[in-house]
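Enquirer:
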Ligand SMILES: [Zn+2]
């Protein structure tokens with residue numbers, strides 16, 4: 001057995017180093033993060049808008065998104081959950097990585113000022129505006145089976161099939177579909193780990209803006225979340241606006257946490 | 001090595017069809033046939049064991065952490081948990097668990113994420129994703145096939161406000177999980193090399209994997 005036990009002194013030093021990381025991560029970030037974005041959403045400068053798309057309830061859409069552009073996702077009349085996946089446009093083996101995103105930022109609660117990492121330790125998105133702070137990193141989207149169980153007999157569309165379609169039309173396959181981020185899904189866990197849908201403060205007009213920090217392909221699916229309490233399958237349309245959004249000099253998402261700073265250093269090395 | 005623990009009258013070291021000793025920090029992979037039981041044993045305690053499953057005859061179907069969490073309505077893995085694939089099929093069921101807490105929210109360590117979490121100075125340390133890449137490549141797969149995994153024996157409590165952190169493992173020497181396969185699966189393990197967080201007590205240790213045929 002090739003195994004050398006570390007000494008108690010080494011372990012103790014390692015633990016101390018870890019606890020310092022942990023303290024910084026848990027104490028520094030919440031101080032720096034802002035309140036949710038205001039409602040109603042301010043208008044986007046018309047000159048900055050590149051494209052606007054209305055995704056009907058139950059449907060999907062994908063778009064290229066270049067570095068320095070952003071997507072505003074507006075749930076409109078309310079009640080919609082939007083599932084999001086993304087791939088590096090230059091190398092689709094680099095993709096959204098939610099487990100790293102939550103582990104590195106020490107939280108499953110993403111909100112304004114947080115970033116979303118790829119599997120390569122680089123930042124894909126900065127969450128530059130977010131009125132709800134109610135997103136789900138854990139549960140994934142609906143499937144044909146979950147819809148059938150919840151809405152027996154109803155004709156429905158589901159996130160799983162939508163993302164297979166998104167991937168398929170991009171020349172990708174189900175092997176390329178990463179774990180998904182559900183925007184506008186107020187899922188939290190209790191002390192035993194059980195999932196709960198916490199009713200939103202605002203049921204209409206919530207929006208999130210995600211700025212691309214690398215050139216990407218983004219896939220979206222607009223289907224009810226598996227925990228959505230609405231017993232009727234009636235997803236509403238969402239409006240997605242792609243617009244130019246150059247980062248501010250003192251951009252919060254770049255400086256809010258030590259982890260984000262290092263992520264952006266990795267982006268800079270890739271772009272250099 | 002700890003003493004063998006019997007969980008079933010028919011289960012002994014002598015009638016195990018496979019018995020693997022996985023050194024600290026090393027990868028392993030093997031097929032578990034439908035009906036067989038795989039035991040993953042934390043030989044020294046407090047070791048995180050990063051694990052993935054792929055359908056043996058179609059690697060495009062594989063473990064899905066989100067489908068698994070959704071199917072059971074909770075974030076942690078324990079006795080009774082159905083291990084669910086990206087196609088919504090049950091791959092295995094956890095039939096025994098002497099530890100009580102396993103994670104599937106925090107994923108594997110990697111050189112890249114370690115550097116973001118702990119500083120660029122930790123980039124060149126052996127990590128689970130490198131183990132996974134090496135191991136799945138032996139089966140014709142690549143990095144794109146590496147999905148969020150199960151961390152057996154790793155304790156990652158998530159608070160109601162969303163905060164999460166990796167805390168000390170609660171497994172003792174000899175703690176084990178057993179899973180019975182509902183389909184033929186390829187099991188891929190990285191015996192986590194992580195030395196920067198308490199998931200394995202800053203001291204990776206060897207593990208043991210045993211496989212038995214079905215009891216009927
Ligand atoms: Zn690891």
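Residue numbers (UniProt numbering), protein chains in the order written: chain E, 1 to 272; chain Y, 1 to 216.
Using N, Cα and C, we set each Cβ at its ideal position, and we do this for glycine too.
Only a predicted model underlies this, so the values are computations on that prediction, with no experimental measurement involved.
In whole angstroms, what is the alpha-carbon distance linking residue 113 of chain Y and residue 25 of chain Y?
Expert: Each residue's Cα considered, the two are about 17 Å apart.
Enquirer: Any residues in the segment 95-107 of chain Y with a beta carbon nearer than 8 Å to a beta carbon of chain E? Which ones, in chain order?
Expert: So the list reads 105, 106, 107, given in the order they occur along the chain.
Enquirer: Since residue 201 of chain Y meets chain E, which of its residues come closer than 8 Å, beta carbon to beta carbon?
Expert: Under the 8 Å cutoff, chain E gives 11.
Enquirer: Residues with a Cβ closer than 7 Å to any heavy atom of ligand 1, in chain order?
Expert: With the cut-off at 7 Å, the residues found are Y/48, Y/50, Y/108, Y/109, Y/127, Y/128, Y/190, Y/192, Y/193, Y/194.
Enquirer: Using a Cβ-Cβ distance cut-off of 8 Å, determine whether residue 180 of chain E contacts chain Y.
Expert: Yes - at least one Cβ of chain Y is within 8 Å of the one on residue 180 of chain E.
Enquirer: Where does residue 260 of chain E land, buried or exposed, given buried means 16+ other C-beta within 10 angstroms?
Expert: Buried is the call here.
Enquirer: Work out the CA separation of residue 117 of chain E and residue 30 of chain E for me, nearest whole Å.
Expert: With a pLDDT of 45 at residue 30 of chain E, under the threshold of 50, the modelled position of that residue is not reliable, and no figure is offered here.
Enquirer: Under a CB-based cut-off of 8 Å, is residue 31 of chain E close to chain Y?
Expert: Note that residue 31 of chain E scores a pLDDT of 47, beneath 50, so its modelled location is shaky; the value from the coordinates is reported in the next line. Answer no: the Cβ-Cβ gap between residue 31 of chain E and chain Y never drops below 8 Å.
Enquirer: Going along the chain, which unbroken runs of the alpha helix (DSSP H) with 4 or more residues stay wholly within the segment 143-225 of chain E?
Expert: List check, alpha helix (DSSP H) in window: 144-150, 159-169.
Enquirer: Ignore the nearest five residues each way along the sequence and tell me which others in residue 179 of chain E's own chain have a CB closer than 6 Å to its CB.
Expert: Contacts found: 98.
Enquirer: Between the segment 153-174 of chain E and chain Y, which residues of the former have a C-beta closer than 8 Å to a C-beta of the latter?
Expert: Result list: 160, 173, 174.
Enquirer: Exposed or buried, residue 196 of chain Y, counting other C-beta atoms within 10 Å across all chains shown (16 or more means buried)?
Expert: Classification for residue 196 of chain Y: buried.
Enquirer: Are residue 44 of chain E and residue 184 of chain E closer than 8 Å when you measure CB to CB?
Expert: No; because the gap between Cβ atoms is not below 8 Å, this pair is not in contact.
Enquirer: For residue 27 of chain Y, count the other beta carbons within 10 Å of its own beta carbon; 16 or more makes it buried, fewer makes it exposed. Which is it?
Expert: It counts as buried.
Enquirer: Candidates E/187, E/245, E/250, E/225: which alpha carbon is nearest residue 125 of chain E's?
Expert: With distances taken between Cα atoms, residue 125 of chain E lies closest to E/245.
Enquirer: Which residues in the same chain have their Cβ closer than 6 Å to the Cβ of residue 201 of chain Y, if we skip the five residues on either side of it in sequence?
Expert: Contacts found: 46.
Enquirer: Between which two residues does the beta strand (DSSP E) carrying residue 178 of chain Y extend?
Expert: First-last of the beta strand (DSSP E) with residue 178 of chain Y: 175-181.
Enquirer: Taking CB distances under 8 Å as the criterion, tell me whether residue 22 of chain E reaches chain Y.
Expert: Cβ-Cβ to chain Y under 8 Å: yes for residue 22 of chain E.
Enquirer: I want to verify the contact list: residues of chain E whose CB lies under 7 Å from the CB of residue 118 of chain Y, in sequence order.
Expert: The answer, in chain order, is 21.
Enquirer: Just to confirm, is the Cβ distance from residue 149 of chain Y to residue 51 of chain Y under 8 Å?
Expert: Contact: yes.
Enquirer: Taking DSSP as the reference, what is the three-state secondary structure of residue 21 of chain E?
Expert: Helix at residue 21 of chain E.
Enquirer: If we define contact as Cβ-Cβ less than 8 Å, is residue 131 of chain Y a contact residue for chain E?
Expert: Judged by the 8 Å Cβ criterion, residue 131 of chain Y is not in contact with chain E.
Enquirer: Identify the contact partners of residue 137 of chain Y in chain E, using a Cβ-Cβ distance below 9 Å as the criterion.
Expert: The contacting residues do not exist; residue 137 of chain Y stays about 13 Å from chain E at best.
Enquirer: Flag this pair as yes or no: are the beta carbons of residue 133 of chain Y and residue 123 of chain Y separated by less than 8 Å?
Expert: Cβ atoms of residue 133 of chain Y and residue 123 of chain Y: not closer than 8 Å.
Enquirer: Indicate the three-state DSSP secondary structure (helix, strand or coil) for residue 30 of chain E in the structure shown.
Expert: In this prediction, residue 30 of chain E scores a pLDDT of 45, lower than 50, which makes its location untrustworthy; no coordinate-derived value is stated.
Enquirer: So, are the CB atoms of residue 193 of chain E and residue 83 of chain Y less than 8 Å apart?
Expert: No, the Cβ-Cβ distance between residue 193 of chain E and residue 83 of chain Y is not below 8 Å.
Enquirer: Any residues in the segment 96-109 of chain E with a beta carbon nearer than 8 Å to a beta carbon of chain Y? Which ones, in chain order?
Expert: Listed in sequence order: 97, 98, 99, 100, 102, 103, 104, 106, 107, 108, 109.
Enquirer: With a threshold of 16 other CB atoms inside 10 Å of the CB of residue 270 of chain E, please say whether the residue is buried or exposed.
Expert: When all chains shown are included, residue 270 of chain E counts as exposed.
Enquirer: Report back the beta-carbon spacing between residue 33 of chain E and residue 112 of chain E to the nearest angstrom; my notes put them in contact at under 8 Å.
Expert: At roughly 7 Å, the Cβ-Cβ gap stays under 8 Å, so residue 33 of chain E and residue 112 of chain E are in contact.
Enquirer: To the nearest angstrom, how far is the alpha carbon of residue 49 of chain E from that of residue 212 of chain E?
Expert: Residue 49 of chain E and residue 212 of chain E: Cα-Cα distance of roughly 15 Å.
Enquirer: Just the C-alpha distance for residue 10 of chain Y and residue 160 of chain E, rounded to the nearest angstrom, thanks.
Expert: Rounded to whole angstroms, residue 10 of chain Y to residue 160 of chain E spans 41 Å at the Cα level.
Enquirer: How would you list, in chain order, the residues of chain E whose beta-carbon sits under 7 Å from the beta-carbon of residue 162 of chain Y?
Expert: Under the 7 Å cutoff, chain E gives 107, 108, 109, 188.
Enquirer: Note down the Cα distance separating residue 181 of chain Y from residue 264 of chain E, rounded to an integer number of angstroms.
Expert: Cα-Cα distance, rounded: 42 Å.
Enquirer: Please go through the segment 112-192 of chain Y and give each complete beta strand (DSSP E) segment of 3 or more residues, from N-terminal end onward.
Expert: Here the runs fully enclosed are 150-152, 175-181, 185-191.
Enquirer: When we look at the beta-carbon of residue 46 of chain E and count the other beta-carbons within 10 Å, is it buried (16 or more) or exposed?
Expert: By the neighbour-count rule (16 or more Cβ atoms within 10 Å), residue 46 of chain E is not buried but exposed.
Enquirer: Return the Cβ separation of residue 215 of chain Y and residue 38 of chain Y in integer angstroms, given the expectation that the two are a contact with Cβ distance under 8 Å.
Expert: Going by Cβ atoms, the distance from residue 215 of chain Y to residue 38 of chain Y rounds to 14 Å, so no, they are not a contact pair.
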